[in-house]
Every structure is written in structure tokens, then in C-alpha cells.
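Here's the structure, in C-alpha cells; my notes come after.
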Amino acid sequence: MHEPGAEPIVYSAHGGCSMNTATTTVSNSGLSLSLSQRLIAGSLALMLGLTLLVGTGFAGDFRLHNGAHDTRHAMGFPCH
Amino acid sequence: MIRNLFFAALVAAFCAGLVAATIQQFRVVPLILHAETFEGEAGHSHDDAAPADHAHAEATPAAHDHGDAAQWAPADGFERTAYTTLATMLAAAGFALVIGAVSMFANIPITFANGFVWGLAGYLAFSLAPAFGLPPELPGMPAGDLAARQLWWGATALSTAGACLLLAKTRAGWAFAVAAALVLVPHIVGAPAAPDEASAVPAHLATEFAAVTLGASMVFWLLLGTIFGKVNDVLAHRSLAQPAGATA
Numbered sequence: 001m002h003e004p005g006a007e008p009i010v011y012s013a014h015g016g017c018s019m020n021t022a023t024t025t026v027s028n029s030g031l032s033l034s035l036s037q038r039l040i041a042g043s044l045a046l047m048l049g050l051t052l053l054v055g056t057g058f059a060g061d062f063r064l065h066n067g068a069h070d071t072r073h074a075m076g077f078p079c080h
Numbered sequence: 081m082i083r084n085l086f087f088a089a090l091v092a093a094f095c096a097g098l099v100a101a102t103i104q105q106f107r108v109v110p111l112i113l114h115a116e117t118f119e120g121e122a123g124h125s126h127d128d129a130a131p132a133d134h135a136h137a138e139a140t141p142a143a144h145d146h147g148d149a150a151q152w153a154p155a156d157g158f159e160r161t162a163y164t165t166l167a168t169m170l171a172a173a174g175f176a177l178v179i180g181a182v183s184m185f186a187n188i189p190i191t192f193a194n195g196f197v198w199g200l201a202g203y204l205a206f207s208l209a210p211a212f213g214l215p216p217e218l219p220g221m222p223a224g225d226l227a228a229r230q231l232w233w234g235a236t237a238l239s240t241a242g243a244c245l246l247l248a249k250t251r252a253g254w255a256f257a258v259a260a261a262l263v264l265v266p267h268i269v270g271a272p273a274a275p276d277e278a279s280a281v282p283a284h285l286a287t288e289f290a291a292v293t294l295g296a297s298m299v300f301w302l303l304l305g306t307i308f309g310k311v312n313d314v315l316a317h318r319s320l321a322q323p324a325g326a327t328a
């Protein structure tokens, strides 16, 4: 609690690689979200994100296909 | 918190998407345009190049759209560039929101310290692993059934991402075995094969295209993860600093 600026970085360094015991306690100092918050935020982001990806990379509609044509090739999506 | 997630994802997507779109315009699109000049030269190759022909056979609902002789497409030049840039930025936002969602579900925050690793995992899952079975294709290159390739692409991305996530959560021995299986199975099953027919597109265009797109994707993903993490850190510092300032 005394070093608000330093804690997120400490948490992050461990959160990405190893995990579990230490990270949860550190994260409670202000960064952490409740399970329901994470599920709601994650679900919304996933739905919007997949909609955007399907729209740009996978859609069969010729307008979406032709508009995003070069992006689909450039990003490695199957196109034709 | 939802606002923070979306804000960080969109800032990262804007920056990384802009860089990716710039690389595309200078290095990728010229190759696509060059390849398109060969479309229809080889007697049979225009069949592969026209998405409409595949759709006619399988997808009846879309058939009437494709039946129109003149399909809308952005005009070459500014309009096409604008659409490509927009589509790349939207795809970038899609990728950013997806990894943001994964970080929420997995409870592994994306930070400046681990953002590079998030980006690397995204590159492996969404670019390199799919490309291993379905090499980046230029217009006019022979390719297998579109729906089958899209399915394989999605399944491979999901499976590879699952392997990365598993190893991020635990480094137990069994996790390495499961992760290895998740990475390998799509390639053992195999991507839908391209029909064995000649392509009018010169090989040197195709190899350059594969190298450039994979390189551009790596730049995109590493930037996306790193910027996402940086913005998250800044937002976290701010939210931590506020209550401290109020009490002290």
C-alpha cells in the first residue's frame, strides 16, 4: 500500500510468467478485479472482438470481403 | 474497469494497427496488386481467384449477391487504401479485445513487463501457427475449400492460444505435454490442401509475400501487446494514486 506506483509492475512481472500464491495477494492492493467483473468485462470484449475479426477476416458477404480484401491477405486470413 | 479494458485495447489497436497498415501499404499491397495482374492469365486460374465460384456451389443464401455481374469493390487508389487501412485497424481492435478478454478470463493482467510476451503469444497463435499450414496466400494462388480453411485456421489459432495460456498459468510437467499436443495436433490433422495445379503467380512474389506478411504481423503483435500493457500500467497507476492522494 505504501508504494502505489511500484506494485502493479511487480505484480505484472510475476503474473505473466510464474503465478498463483504471491500474485493474488499483491493484486488485492488495488489492481485486482472481482471474478464477476472480470467475467463481464471479458465477455463483452470477447464478443465485440470476435465480431470485428469475423467481420474483417471471415465474412462471406462480398462487400465485407472486397472492402477488407487486402487486409485479409496481409493478415493471413484465408480469403478466396 | 470495463472502460479501462476497452480504452487500453483500443489505444493499442490504434497504434499497432496504424503501423501495420503503413507496412501493408508499402510492402504488402504492392505485391497483392502485382499478383492480381496475373489473375486470369493462366486459363484455369481465374476460377481459384473468384470467391464467388466457391460460394455458388455451397452457400445458396449468398448466391444472389455473387450473381451480380458487377460486384462492389473499393476503387484502386485512395479508396482501396482507405478501406484496407480501416479494415486493418478494425481487425487490430478485434485482436486487442480478444487478448484483453483472455487476460480477464485467465486473470493475467497485460502489463508493460509482460506485454511483449502477450504479443509473442498472439503472433504464434494468430499468425505463425496458421501460416504453418496455410501459407499467406496471394490472389490467384490455388487454395483448398474456403470454409474448410477458415475452420482449420480458427481451430489452429484456438489450440495454439490454449497452449500459450496453459503455460502462462502453470509450468507443471503435464502442462508442457498438453501444450505440445495442443500445438501439434492441428498440424498432424493437417490443413486443407491446395489443389495441385499451376499458379500464374510467380514464385518470387509468393515467397516475398509470405516473408513480408509474417514480418509485418510480428511487428503488429509485439507492438499491440507492449502498448496494451503500457496503457494498462498507466491506468493502474492512476487508479492507485487517486485513493492515496485522497487520504494523505
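Keeping their order, the protein sequence lines are chains A and B.
First residue of the first sequence: 1, per the working numbering; consecutive thereafter.
First residue of the second sequence: 81, per the working numbering; consecutive thereafter.
From the three backbone atoms N, C-alpha and C, an ideal C-beta is built for every residue, glycine too.
Check: Classification of B:Ala291 by the beta-carbon crowding that lies within 10 angstroms, buried from 16 upward; Outcome: exposed
Check: Any chain B beta carbon closer than 8 Å to A:Ala59; Outcome: no
Check: Buried or exposed by the 16-neighbour rule on C-beta atoms within 10 Å, applied to B:Met184; Outcome: buried
Check: Run of the alpha helix (DSSP H) containing B:Val269, from where it starts to where it stops; Outcome: Gly253 to Val269
Check: Against chain A: residues of the region 266-293 of chain B by CB proximity under 7 Å; Outcome: Thr293
Check: Local conformation of B:Met184 per DSSP, three classes; Outcome: helix
Check: Test: B:Tyr163 CB closer than 8 Å to a CB of chain A; Outcome: yes
Check: Through-space distance from B:Ala176 to B:Ala93, alpha-carbon basis; Outcome: 6 Å
Check: Inter-residue CB distance, B:Ser297 and B:Ser239 (contact presumed, cutoff 8 Å); Outcome: So it is not a contact: roughly 18 Å between Cβ atoms.
Check: B:Glu119, DSSP secondary structure in three states; Outcome: coil
Check: Alpha helix (DSSP H) segment containing A:Asp70, residue limits; Outcome: His69 to Met75
Check: Simplified DSSP state of B:Glu217, which is helix, strand or coil; Outcome: coil
Check: Range of the contiguous alpha helix (DSSP H) that encloses A:Ala41; Outcome: Leu35 to Leu53
Check: Below-8 Å beta-carbon distance, B:Trp254 vs any chain A residue; Outcome: no
Check: CB of A:Ala41 within 8 Å of CB of B:Leu85, strictly; Outcome: yes
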